[in-house]
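Below is one structure; the comments refer to it alone.
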Amino acid sequence: MHRFHFNHLKLNGKLTFIYIVCVFIPIILTNIVFYNVTTNNIKRQKTVDAEQALTQLKNELGMLIDDAASISYLYSIDKSLEEHLETEYASYDRYIESLNSIKNIFIRSDKEYKTISSAHIMTDNPTILASGNILNLDQSIYETDWYRSIEHLNNSYPNLYVTPSSISVIQKLSDKRIQKYEHLIKIDLNMEYVNQLMSITTFDGDIYFLSPDGQVRYSNNSSAQQAAQPLEKESIKQPALAITFEQIYQNNRYLGGWSLYGVLDEAKILSEVRQSGQFIVWLAAINFFIPTLIILLISRSITSRIKHILKHMKKVKGKNFKPVPYHSERDEIGELSVEFNRMIERIENLINDVYVADIQKKDLEIRQRQAQLHALHSQINPHFLFNALETIRMRSLMKGETETAKTIQNMAKIFRKSISWKRSFVTIREEIDLIESFLEIQKYRFANKLQYQITVEESLKEKLIPKMTFLPFVENASIHGIEDNPGIGFITIQIASEANQIVFIIADNGMGMSKEQLDELHHYFTEDESMGESVGMKNVYTRLKIVYGDAFTYKIDSELGQGTRITLRLPIRDE
1 MHRFHFNHLK LNGKLTFIYI VCVFIPIILT NIVFYNVTTN NIKRQKTVDA
51 EQALTQLKNE LGMLIDDAAS ISYLYSIDKS LEEHLETEYA SYDRYIESLN
101 SIKNIFIRSD KEYKTISSAH IMTDNPTILA SGNILNLDQS IYETDWYRSI
151 EHLNNSYPNL YVTPSSISVI QKLSDKRIQK YEHLIKIDLN MEYVNQLMSI
201 TTFDGDIYFL SPDGQVRYSN NSSAQQAAQP LEKESIKQPA LAITFEQIYQ
251 NNRYLGGWSL YGVLDEAKIL SEVRQSGQFI VWLAAINFFI PTLIILLISR
301 SITSRIKHIL KHMKKVKGKN FKPVPYHSER DEIGELSVEF NRMIERIENL
351 INDVYVADIQ KKDLEIRQRQ AQLHALHSQI NPHFLFNALE TIRMRSLMKG
401 ETETAKTIQN MAKIFRKSIS WKRSFVTIRE EIDLIESFLE IQKYRFANKL
451 QYQITVEESL KEKLIPKMTF LPFVENASIH GIEDNPGIGF ITIQIASEAN
501 QIVFIIADNG MGMSKEQLDE LHHYFTEDES MGESVGMKNV YTRLKIVYGD
551 AFTYKIDSEL GQGTRITLRL PIRDE
């Protein structure tokens, strides 16, 4: 029985094992931990938010009751109101007169407190008529629950009375021990405003307003509101997973002991988080099956290509040097294919070199001998050409044709320099001498039709450039630019330095070129491999690109009938 080793495991199995151990299981564990941490954080945050919301509601409701108690206090300390209520009126007019004198009390309270639905003063003074904010204390009021709740209390502070449908602040305004009549004030809060406070609170649960003895007096829970008898705190129906809060009013004579009791359903506030548990299961399934399928596909592509290379390797033993098909793959297997093909190519070349080396050596010797013969011929031909030109020049001088003799002398000078220059680079001074000789020949041809001007920066005259760099452009300007011009042709040549570059500019006032001709010429320079008609300029462009690369640039500006301007830029080199 073989001992298990990872080297025995197939590539598909290795990739799957790596994925399960290093990716899938860590993802599942991370999701579980993340789910638990998120649940606890959300529960904690919801609890804090609920407690803050309940505290805010407690403060707002307390302020609402405080406002009503403040009104009650204003009435209790108002001496004019006390005098009005204690006075026995002999006539209706006297009562109306006294009532008008205290009317400002009610107007002020109605304007300043909009959260109160009603504020009634009640008295058992038989001479006071019930009107507006003042009512008579009668038997029907004595039998009410709210009156019984304050019947035995004194008038030192207000008292809170709460029912499922109302919240009232009640305070006695008189003390029967020193006053003849009983007076009290009952202020009812605006329950629409109270219900609005309950509805807009961010506490997402049931809220109960508890009395000091633990009875539910008011709630936003409809079932608690509709109960026949007040519920006890312990009787409040709560969900299975309940989170409770209680905010107690303290340091308050009329609210002391009252509290807001809130109940949250944990399952409700965490319902969204609970639903994410199913999402984690689906995500885990997707994270397992889709990557596994991708790993199988990728591993298959890897193993199939490796087997293909192995198949070709075995064929090499039978001297079959067929390369492995390569489709520009950039991975390691693609590089392996490239190196394998290169290796078998070198092996095949080495084998071929052994058989053809002698034949190639003999062929090379034959070519060398032919080159020597051509070199001898090229040396003999210019010798006879120079002798012939010198004979013609001397003959022209003897006949007095000095202009013709000078032209022939310039032609011989051009031939001699183009052949005698053994080096590839010449100075700009030498290039300008050659250009002047050529232009003098052209002046002989065109007579007074051609004029030229050459300007060279003195510091550049000894700088080196490839030989015959500018001459082909001068030739093109004189022949193609000036020849068809009916007027006087003018050629200007400027050579200057700029930004460590040699700038050569040649301009003529010849026929010029159209945009289509310019595009065709640019395409001929940069892309066309044939030599074409402008062989001189094409030759210069090719040589300058070889010597300077991208450091060499050229620009041609021309308009039909407006002449042509050519600019060459070469880097300055001293060697």
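The opening residue of the sequence shown carries number 1 in the UniProt record's numbering; numbering runs sequentially from there.
The beta carbon of each residue, even a glycine, is placed where N, CA and C say it ideally should be.
It should be emphasised that the depicted structure is a prediction, and the values quoted were computed from it without experimental measurement.
ILE344 places its beta carbon less than 8 angstroms from that of PHE321.
Residue environment analysis places GLY256 among the exposed positions, since fewer than 16 neighbouring C-beta atoms fall within 10 angstroms of its C-beta. Buried is the label assigned to PRO158, since at least 16 other Cβ atoms lie within 10 Å of its Cβ. Within the same chain, PRO158, VAL169, GLN171, ILE185 and ILE187 come within 7 angstroms of SER72 by CB-CB distance, once the 5 residues on both sides are set aside. Relative to SER118, the option among ILE141, ASN154, ASP138 and ILE167 whose CA is nearest is ILE167. Counting only the Cα atoms, LEU350 lies some 19 angstroms from VAL324. A contact between stretches requires three or more CB pairs, one per stretch, nearer than 8 angstroms, and the segment 80-90 fails this requirement with the segment 282-299. Taking the Cα of ILE347 as reference, the smallest distance to any Cα among GLY334, ILE333, VAL316 and GLU332 is reached at VAL316. Here the segment 144-153 makes no contact with the segment 193-211; the two share fewer than three CB pairs at distances below 8 angstroms. Taking the Cα positions, MET313 is about 14 angstroms away from SER304. Contact between the segment 556-563 and the segment 509-518 is present: 3 or more CB-CB pairs across the two stretches fall below 8 angstroms. The DSSP-derived three-state label of ARG565 is strand. Counting of Cβ neighbours within 10 angstroms places MET63 among the exposed residues, the total staying below 16. By the C-beta density criterion, LYS237 is exposed, having fewer than 16 other C-beta atoms within 10 angstroms. Taking a C-beta distance under 8 angstroms as the contact criterion, GLU60 and PHE245 do not qualify as a contact pair.
The continuous stretches of beta strand (DSSP E) do not include TYR254, and DSSP gives it neither H nor E. Taking LEU15 as the centre and dropping the five residues before and after it, the same chain places the C-beta of ILE295 and SER299 closer than 7 angstroms to its C-beta, in chain order. In this structure, GLU431 sits near ILE465, with a CB-CB distance shorter than 8 angstroms. Secondary structure at PRO26: helix, using DSSP grouped into helix, strand and coil. The alpha-carbon separation between ILE20 and ASN31 amounts to approximately 15 angstroms. Taking a C-beta distance under 8 angstroms as the contact criterion, ILE207 and LEU260 qualify as a contact pair. Distance from the Cα of GLY132 is smallest, within the candidate group ILE546, HIS120 and ILE141, for HIS120.
When the beta-carbon positions are compared, PHE340 and ILE306 stay at least 8 angstroms from each other. As the crow flies, the alpha-carbon of ASP66 is around 29 angstroms from that of GLU234.
Listed in chain order, the beta strand (DSSP E) elements of length 3 or more contained wholly in the segment 97-163 are 116-123, 134-136 and 159-163. Annotation: the continuous alpha helix (DSSP H) that includes ARG445 extends over 428-446. In the assembly as shown, HIS522 is an exposed residue. Its beta-carbon has fewer than 16 other beta-carbons within 10 Å. For LYS79, the uninterrupted alpha helix (DSSP H) segment begins and ends at 79-86. Taking a C-beta distance under 8 angstroms as the contact criterion, ILE572 and GLN501 qualify as a contact pair.
Comparing alpha-carbon positions, the option among THR55, PHE504 and PHE525 lying closest to ARG569 turns out to be PHE504. Under DSSP, PRO571 forms a beta bridge with GLN501.
Taking each of ASP204, LEU471 and ASN190 in turn and checking the Cα distance to ASN221, the smallest one comes out for ASP204. Boundaries cannot be given for ASP204, as no beta strand (DSSP E) includes it and DSSP labels it neither H nor E. Shortest Cα-Cα distance from ALA130 to any of GLY489, GLU483 and ILE96 involves ILE96. Beta-carbon to beta-carbon, ILE491 and VAL456 are separated by about 14 angstroms, too far to satisfy the 8 angstroms threshold.
Counting only residues of its own chain and dropping the five nearest sequence neighbours on each side, GLN247 has a CB closer than 7 angstroms to the CB of LEU54, THR55, LYS58, SER259 and LEU260.
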